[in-house]
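Protein chains in written order, with the numbering used here: chain A, 2 to 323; chain B, 2 to 323. Built from N, CA and C at the ideal position, the CB exists for glycine as well.
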């Protein structure tokens with residue numbers, strides 16, 4: 002069996018450029034950019050909670066980065082360094098090789114360096130990543146800056162990851178044509194890093210909606226002390242999904258289910274053309290789904306202005322049981 | 002049952018000073034010190050691997066910080082910010098209140114801020130902390146700077162944490178007078194942050210010996226491309242322990258067992274008086290235990306110069322099974 006130090010050396014140590022000192026000392030050493038602050042975030046994926054035991058380790062290596070890059074994207078930050086904490090059930094080399102391959106390809110794609118980490122044994126696979134990015138402190142996209150009168154926008158198409166999950170336990174009739182798209186969104190999400198950076202100076206406020214559109218809109222409402230009104234029919238889903246004519250309740254569940262690594266942001270109405278340009282240049286659908294209003298809370302309405310009830314606004318690990 | 006967001010808000014959100022934005026957005030925002038680099042490290046503690054299920058959550062809250070601060074100390078860095086990733090079996094409020102209490106008291110003691118984190122559910126308690134500190138990049142205490150001719154020093158007294166563990170399964174006869182000391186070293190270790198900072202400009206090289214003296218000396222040997230010669234009889238242990246007259250093999254196991262959050266460092270012979278001054282001022286035992294020599298590897302000798310065999314140089318999660 003491979004030793005802990007061999008494991009790190011074989012799968013998780015590559016030369017770094019930006020880091021003065023990467024994996025292999027007590028701590029990594031990073032130079033500060035003098036003109037930028039640091040955005041830093043951590044997200045953990047747990048086997049059986051966030052991913053299935055049989056999931057492809059290559060895509061898991063990508064996803065554990067994607068979920069963190071998505072948080073940095075929501076601040077408008079450029080990711081540059083990550084630390085990886087890996088708690089493994091066993092030390093299966095084929096699994097590690099594939100996980101490391103997915104991880105490093107994603108790192109290369111985003112020009113990010115693995116600078117440190119920890120490897121330990123556990124009964125269940127638990128993967129924590131801490132990601133650091135550069136951002137100008139004063140112009141970072143915070144949750145507490147939405148303005149009454151702003152439009153509310155969302156990137157991408159929502160609900161496919163939740164549909165992939167629902168289809169696994171057959172709780173939703175699954176349109177076969179969506180198989181690839183759904184699995185891609187669930188297993189290989191694309192963090193909106195380029196969009197986040199372009200939204201600096203354009204959006205007033207942004208959040209990533211990995212916990213679900215309604216729950217995360219709620220965080221903007223609370224922290225910006227505003228109300229958010231969202232029109233259900235304007236929420237972008239996949240063309241095939243919208244053609245299915247799902248019952249409204251199912252549609253609401255799908256778009257609130259979480260695991261959508263998209264950005265929800267608000268900006269002044271005068272910015273509408275800028276958003277159109279961004280959408281074309283980045284080749285990302287960006288859709289206006291509502292408005293920031295006086296008051297508090299998130300209201301979902303149908304196209305006739307009738308309020309739509311939301312049973313379960315988002316994903317929670319410790320949900321209140323009544 | 003408390004919700005995930007209530008849990009964070011109740012137990013893990015206090016105002017921060019240095020952080021421009023702490024817990025509660027997609028990422029935390031930190032200002033860079035213009036004259037310093039960043040030292041960053043992550044360490045994970047797993048229930049049943051690094052601590053017992055029945056351990057006191059107050060001390061666990063301290064220890065999960067201590068193990069990370071110890072890594073920063075070994076770089077000569079001053080810790081300022083941490084992120085906490087908590088995977089919980091269940092959400093027991095009395096446990097959380099005590100864990101949070103221990104954590105925040107330790108943060109206050111070291112003037113460090115909790116700036117972010119993640120809370121999730123798992124079958125086993127897994128706690129990852131990422132800690133950031135300030136350090137001047139050029140003078141940080143690295144593992145690869147030991148010089149042939151340096152003396153090798155270690156702080157504190159080794160072996161008590163391993164003895165506490167061994168005594169739990171009755172594998173070692175336990176001197177009753179050491180009970181409190183042993184449990185304190187195991188459950189409430191004191192990271193050598195002040196010492197690490199004072200070693201800047203004095204030591205050539207440093208490492209924290211949480212994986213065990215011999216294993217960690219081996220890292221210095223490999224990375225500095227030198228040999229390390231250690232004299233067993235000079236390795237500091239508790240007075241009572243050294244009076245026990247343990248068989249040499251047991252003594253070697255104790256001092257190599259790990260979980261000693263002490264610093265091993267090397268410095269030029271001309272610095273001997275500085276180390277004495279440091280020891281007195283910081284009220285920490287600091288003992289010369291050997292020398293950096295030509296060659297590779299770590300050699301342990303007894304007082305007569307006879308080589309002492311080391312069966313198991315340190316703690317490994319995935320040890321090679323032959």
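Would you call the region 191-211 of chain B and the region 65-80 of chain B touching, i.e. three or more CB-CB distances under 8 Å?
-> Cβ pair count under 8 Å is three or more, so yes.
Buried versus exposed, by CB contacts within 10 Å (16 or more), residue 234/B | Label assigned to residue 234/B: exposed.
Check residue 156/A in the structure and name its three-state DSSP category.
-> Three-state DSSP puts residue 156/A in a strand.
Using the beta-carbon of each residue, which ones in chain B are nearer than 7 Å to residue 138/A?
-> At a beta-carbon threshold of 7 Å, the residues of chain B lying near residue 138/A are 21, 30, 32, ordered along the chain.
Helix, strand or coil: which one does DSSP assign to residue 285/A?
-> Reduced to three states, the DSSP call for residue 285/A is coil.
Give the residues of chain A in contact with residue 194/B, contact being defined as C-beta atoms less than 9 Å apart.
-> For residue 194/B, none of the residues of chain A pass the 9 Å Cβ criterion, the least Cβ distance being about 12 Å.
Name, in chain order, the residues that DSSP records as bridge partners for residue 1/B.
-> Past the edges of chain B, shown from 2 to 323, lies residue 1/B, and the structure says nothing about it.
Could you list which residues in chain A have their beta carbon closer than 7 Å to that of residue 117/B, in chain order?
-> Under the 7 Å cutoff, chain A gives 41, 42, 43.
Would you tell me roughly how many angstroms separate the C-alpha atoms of residue 70/A and residue 281/B, rounded to the nearest one?
-> If I take the Cα positions, the gap works out to 47 Å.
Could you say which of 160/A, 37/A, 295/A, 100/A lies nearest to residue 213/A if we only look at CA atoms?
-> Considering only alpha carbons, the answer is 160/A.
Which residues mark the beginning and the end of the beta strand (DSSP E) in which residue 334/B is found?
-> The shown model of chain B, from 2 to 323, leaves out residue 334/B, and the question about it has no answer.
Listing by chain order, which chain B residues have their CB less than 8 Å from the CB of residue 76/A?
-> 26, 27, 28, 30, listed in chain order.
On the DSSP bridge assignment, give the partners of residue 232/B in chain order.
-> By DSSP's assignment, residue 232/B forms a beta bridge with 302/B.
So is residue 221/A in contact with chain B if we call contact Cβ pairs under 8 Å?
-> For residue 221/A, the answer is no, since every Cβ of chain B falls outside 8 Å of its Cβ.
Using DSSP with H/G/I as helix, E/B as strand and the rest coil, what is residue 238/B?
-> Correct three-state label for residue 238/B: coil.
Any idea if residue 307/B is buried or exposed, counting beta-carbon neighbours within 10 angstroms, 16 or more meaning buried?
-> Exposed, because fewer than 16 other Cβ atoms sit within 10 Å of the Cβ of residue 307/B.
Check each candidate in 148/B, 119/B, 311/B, 299/B and name the one with the smallest Cα separation from residue 231/B.
-> For residue 231/B, the nearest C-alpha among the options comes from 299/B.
Would you identify the three-state DSSP class for residue 325/A, choosing helix, strand or coil?
-> Chain A is shown from 2 up to 323; residue 325/A falls before or after that span and cannot be answered.
Thinking C-alpha only, which one of 54/B, 43/B, 4/B is nearest residue 188/B?
-> Closest option to residue 188/B, judged by alpha-carbon separation, among 54/B, 43/B, 4/B: 54/B.
Does the region 145-165 of chain B touch the region 262-280 of chain B, meaning 3 or more C-beta pairs lie closer than 8 Å?
-> By the Cβ criterion, the region 262-280 of chain B is in contact with the region 145-165 of chain B, since at least three pairs of Cβ atoms, one from each stretch, lie closer than 8 Å.
Output the boundary residues of the beta strand (DSSP E) element that contains residue 220/A.
-> Bounds of any beta strand (DSSP E) do not take in residue 220/A; it lies within the alpha helix (DSSP H) bounded by 214-225.
When we look at the beta-carbon of residue 220/B and count the other beta-carbons within 10 Å, is it buried (16 or more) or exposed?
-> The residue in question, residue 220/B, is buried, as its Cβ has 16 or more Cβ neighbours within 10 Å.
Answer yes if the region 131-151 of chain A comes into contact with the region 275-289 of chain A, meaning at least three C-beta pairs across the two stretches below 8 Å, and no otherwise.
-> Contact between the region 275-289 of chain A and the region 131-151 of chain A is absent, because fewer than three Cβ pairs lie under 8 Å.
Name, going along the chain, the residues of the region 117-135 of chain A whose beta-carbon falls closer than 7 Å to a beta-carbon of chain B.
-> Across the region 117-135 of chain A, CB contacts with chain B closer than 7 Å involve 117, 118, 119, 120, 121, 122, 123, 124, 125, 127, 129, 131, in sequence order along the chain.
Given that a residue counts as buried once 16 or more other Cβ atoms are within 10 Å of its Cβ, and exposed if not, what is residue 48/A?
-> Buried, by the Cβ-count rule.
Report yes or no: is there a C-beta of chain A within less than 8 Å of the C-beta of residue 86/B?
-> Yes, residue 86/B counts as interfacial toward chain A.
Straight-line gap, residue 21/B to residue 139/A (C-alpha atoms, nearest Å) = So the alpha carbons of these two residues sit roughly 9 Å apart.
How about residue 158/A and residue 239/A: do their beta carbons lie closer than 8 Å?
-> Yes. Within cutoff.
is_contact[residue 321/B, chain A] using C-beta, thresh 8 Å | Low confidence applies to residue 321/B: its pLDDT is 37, below 50, so where it sits in the model is not reliable enough to give any reading.
Could you check how far apart the C-beta atoms of residue 88/A and residue 43/A are, in whole angstroms? I think they sit under 8 Å.
-> Rounded, the Cβ-Cβ distance is 14 Å, inconsistent with contact.
Rounded straight-line distance, which links the Cα of residue 125/B to that of residue 170/B = About 22 Å.
Of all Cβ atoms in chain A, is any one closer than 8 Å to the Cβ of residue 150/B?
-> Not flagged as an interface residue toward chain A: residue 150/B, since no C-beta distance is shorter than 8 Å.
Taking residue 163/A as the reference, which of 254/A, 195/A, 5/A, 103/A has the closest Cα?
-> The closest CA to that of residue 163/A, considering only 254/A, 195/A, 5/A, 103/A, is found on 254/A.
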